[in-house]
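Colleague: Pasting a structure below so you can have a look.
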Amino acid sequence: MALEIIPHPRHVAGPRGFTMVELVTVIVIMGIMAAVAAPRFFERQTFDARTFTDQTRTMLRLAQKVAIAQNRPVHVRLDGQSVALCFDAACTALVFPPGGSNSGSAVTVAKCGGVSAWSCEGVPSGLAYTLTAGAGSTFYFDPIGKPYAAGDAWPSLASSFQQLVVRITGDGVNHDVTVETETGYVH
Numbered sequence: 000m001a002l003e004i005i006p007h008p009r010h011v012a013g014p015r016g017f018t019m020v021e022l023v024t025v026i027v028i029m030g031i032m033a034a035v036a037a038p039r040f041f042e043r044q045t046f047d048a049r050t051f052t053d054q055t056r057t058m059l060r061l062a063q064k065v066a067i068a069q070n071r072p073v074h075v076r077l078d079g080q081s082v083a084l085c086f087d088a089a090c091t092a093l094v095f096p097p098g099g100s101n102s103g104s105a106v107t108v109a110k111c112g113g114v115s116a117w118s119c120e121g122v123p124s125g126l127a128y129t130l131t132a133g134a135g136s137t138f139y140f141d142p143i144g145k146p147y148a149a150g151d152a153w154p155s156l157a158s159s160f161q162q163l164v165v166r167i168t169g170d171g172v173n174h175d176v177t178v179e180t181e182t183g184y185v186h
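Residues in the sequence shown are numbered consecutively from 0, following numbering that gives the first Met the number 0.
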């Protein structure tokens with residue numbers, strides 16, 4: 000009696016690969032995705048809006064942390080052209096950026112007085128930002144991280160700072176950065 004060896008189904012030669020229907024389906028799906036997603040990749044304003052929103056949020060958090068770490072007020076200037084951090088209301092004492100320089104983009108250089116060693120970022124072209132009604136364009140964080148309106152004397156126990164929402168627009172979507180009243184929480 001001879002033993003018959005039965006091959007494992009995985010080793011049986013047979014048709015392999017993709018069918019024409021599968022290939023056409025994949026190509027159609029990729030075409031639809033490309034038609035929908037591709038325009039987003041070629042609009043610079045979309046990337047600029049998200050980047051500037053993240054930079055603004057990060058700079059506001061930095062202002063609060065520097066105020067706490069150095070035990071002195073840090074002023075935030077939101078003048079419509081840039082977001083800048085200073086140690087005084089007149090912006091004569093500049094807050095240095097953690098990396099040693101700001102982004103260095105042409106817009107930032109133009110709108111921040113050509114100073115690269117300053118926590119200041121210019122608003123990219125095609126974008127704009129607005130502040131909530133009643134919020135001033137300048138405020139400061141005190142040494143415990145609480146926000147105060149620019150007109151509030153320091154040191155002071157009472158703050159007239161109202162919740163601030165910086166709304167960045169330009170790509171068809173609103174990007175909001177909020178500073179809370181009592182805690183200074185930035186989100």
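For glycine and all other residues, C-beta sits at the position ideal for the given N, C-alpha and C.
Between which two residues does the beta strand (DSSP E) carrying L84 extend?
Modeller: First-last of the beta strand (DSSP E) with L84: S81 to C85.
Colleague: Do the stretch 112-125 and the stretch 48-55 make contact, defined as three or more Cβ pairs closer than 8 Å?
Modeller: Touching, yes.
Colleague: What does DSSP give as the partner residues of Y128 in its beta bridges?
Modeller: Y128 is bridged to I167.
Colleague: Let's see if you can read the secondary structure: which residues bound the alpha helix (DSSP H) around F138?
Modeller: That residue, F138, is in no alpha helix (DSSP H); its beta strand (DSSP E) goes T137 to F140.
Colleague: Using 8 Å for Cβ pairs, my map puts V73 next to F140. What's the rounded Cβ distance?
Modeller: About 5 Å separates the two Cβ atoms, so the contact holds.
Colleague: DSSP puts T57 in a beta bridge; with which residues?
Modeller: T57 is not bridged to any residue.
Colleague: Throw me the rounded Cβ distance for the S115 and G103 pair, which I believe falls under 8 Å.
Modeller: Correct: roughly 6 Å between the Cβ atoms.
Colleague: Just tell me which of P38, S81 and L2 has its CA closest to the CA of L130.
Modeller: It is S81 whose Cα lies nearest to the Cα of L130.
Colleague: Closest to F160 by C-alpha separation, out of N70, I167 and E181, would be which residue?
Modeller: The shortest Cα separation from F160 among N70, I167 and E181 belongs to E181.
Colleague: Assuming A148 is part of the beta strand (DSSP E), what are its boundary residues?
Modeller: Per DSSP, A148 belongs to the beta strand (DSSP E) from P146 to A148.
Colleague: Which term fits M29, buried or exposed, when burial requires 16 or more other beta carbons within 10 angstroms of its beta carbon?
Modeller: M29 is exposed by the Cβ-count criterion.
Colleague: Measuring CA to CA, which of E179, A127, V172 and V27 is closest to T45?
Modeller: Cα-wise, what sits closest to T45 is V172.
Colleague: Does DSSP classify R43 as helix, strand or coil?
Modeller: The answer is helix: DSSP assigns R43 an H, G or I state.
Colleague: Residues bridged to G121 by DSSP?
Modeller: G121 is bridged to S81.
Colleague: Leaving out five residues before and five after T55 in sequence, what residues of the same chain have Cβ atoms less than 8 Å from its Cβ?
Modeller: V82, E120, Y128, V165, I167 and V176, listed in sequence order.
Colleague: For A66 versus G144, is the C-beta distance shorter than 8 Å?
Modeller: Yes; because the gap between Cβ atoms is below 8 Å, this pair is in contact.
Colleague: Quick check on G183: buried or exposed, where buried means 16 or more other Cβ atoms within 10 Å of its Cβ?
Modeller: It is buried - the Cβ of G183 has at least 16 other Cβ atoms within 10 Å.
Colleague: Does at least one heavy atom of the ligand ZN sit under 7 Å from the Cβ of Q69?
Modeller: Judged by which ligands are present, the structure shown has none, so any question about the ligand ZN falls away.
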